[in-house]
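The next block holds one structure in the form of structure tokens; read it before the comments.
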Amino acid sequence: MTIAIAAAGTGGHVFPALAVAEALVRLGTEPTDIVFFGGNRIEATAVPAAGFELVSVDVRGLVRKLSPTNLKVMTGVLKAARTLRREMSDRRVTVVLAMGGYVTGPAALAARMARIPLFLHEQNAIPGLANRWAARLAERVFVAFPAAMAGFSRAETVGNPLRFALLAAPPDRATALARYGLETDRPVIGVLGGSQGADALNRAAGGLVDSGHQVLHL
Numbered sequence: 081m082t083i084a085i086a087a088a089g090t091g092g093h094v095f096p097a098l099a100v101a102e103a104l105v106r107l108g109t110e111p112t113d114i115v116f117f118g119g120n121r122i123e124a125t126a127v128p129a130a131g132f133e134l135v136s137v138d139v140r141g142l143v144r145k146l147s148p149t150n151l152k153v154m155t156g157v158l159k160a161a162r163t164l165r166r167e168m169s170d171r172r173v174t175v176v177l178a179m180g181g182y183v184t185g186p187a188a189l190a191a192r193m194a195r196i197p198l199f200l201h202e203q204n205a206i207p208g209l210a211n212r213w214a215a216r217l218a219e220r221v222f223v224a225f226p227a228a229m230a231g232f233s234r235a236e237t238v239g240n241p242l243r244f245a246l247l248a249a250p251p252d253r254a255t256a257l258a259r260y261g262l263e264t265d266r267p268v269i270g271v272l273g274g275s276q277g278a279d280a281l282n283r284a285a286g287g288l289v290d291s292g293h294q295v296l297h298l
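Positions in the sequence shown are counted from 1; adding 80 to them yields the working numbering.
Below, the structure written as structure tokens:
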């Protein structure tokens, strides 16, 4: 039995997918029985570094407006779907979990063509375009936040998967502050803009430096 996990583009998709894979291994699944589908962005380094195989396909996301570029994108999606279908057949994949990102479309199509059960996980409160479309082909959709359920007809709130390394965080505030070289008697503001960052947060964080607060910008 091989489990395929499709995740690509950002850490928000890829790292929860790795958390699922880690949990499967802890439950007894061999790492060699898990294969990731993705592309050449953050997953290209994060997945192999975690000890899992990555099958890369050349596909990109749609432009969010009428554009001739989308014809080329759709051609790429169909080509990638055929590639992933062959991979699923060769590896005897029995279930596909899509975690979002541009690879979700071809992975969902490939699963439908191969008649393999498809499950989705949406990490955001507002569902992404790929997951909203792929949900029509899915057996079940899992969401991180109740607000996301409005975007799907068959959904269950399960939260966001976390890697075990994150669960082993420092047990108290003093230890955590020491880890990042922060003082214990000054307030700390944490800034997290995701793996792609956020310009507005970056600008706001810069203005906090002279405020007397300590800024932990991740």
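Beta carbons: idealized from backbone N, C-alpha and C, even for Gly. Nothing here was measured: the structure is a model prediction, and the numbers come from that model.
Kindly give me the distance between the Cβ atoms of residue i and residue j, rounded to whole angstroms, as I take these residues to be in contact under 8 Å.
{"i": "Pro111", "j": "Gly92", "result": "Actually they are not in contact, since the Cβ atoms of Pro111 and Gly92 sit about 23 Å apart, beyond 8 Å."}
{"i": "Val46", "j": "Arg171", "result": "An answer regarding residue 46 cannot be provided, because it is not within the stretch 81 to 298 covered by the chain."}
Would you say residue i and residue j are within 8 Å of each other, going by their C-beta atoms?
{"i": "Ala228", "j": "Pro207", "result": "yes"}
{"i": "Glu202", "j": "Gly180", "result": "yes"}
{"i": "Glu133", "j": "Ala87", "result": "no"}
{"i": "Thr174", "j": "Thr109", "result": "no"}
{"i": "Leu262", "j": "Val271", "result": "no"}
What is the DSSP secondary structure of residue i, reduced to helix, strand or coil?
{"i": "Phe116", "result": "strand"}
{"i": "Arg234", "result": "coil"}
{"i": "Phe95", "result": "helix"}
{"i": "Ala87", "result": "coil"}
{"i": "Leu164", "result": "helix"}
{"i": "Ala218", "result": "coil"}
Below 6 Å CB to CB, which residues in the same chain sit around residue i once its five sequence neighbours on both sides are set aside?
{"i": "Ala161", "result": "Pro186, Leu189 and Ala190"}
{"i": "Gly156", "result": "Val139"}
{"i": "His293", "result": "Pro267 and Ile269"}
{"i": "Leu177", "result": "Ile85 and Phe199"}
Give the straight-line distance between the Cα atoms of residue i and residue j, rounded to the nearest whole angstrom.
{"i": "Pro226", "j": "Ala205", "result": "8 Å"}
{"i": "Arg243", "j": "Leu98", "result": "7 Å"}
{"i": "Asp290", "j": "Ile269", "result": "13 Å"}
{"i": "Gly239", "j": "Val223", "result": "6 Å"}
{"i": "Met168", "j": "Asp279", "result": "39 Å"}
{"i": "Lys152", "j": "Lys159", "result": "11 Å"}
{"i": "Leu104", "j": "Gly287", "result": "43 Å"}
Can you find the residues in the same chain that come closer than 7 Å, C-beta to C-beta, to residue i, ignoring five residues on each side of it along the sequence?
{"i": "Ala210", "result": "Gly180, Gly181, Tyr182, Thr184 and Gly185"}
{"i": "Asn120", "result": "Ser136"}
{"i": "Thr163", "result": "Val137"}
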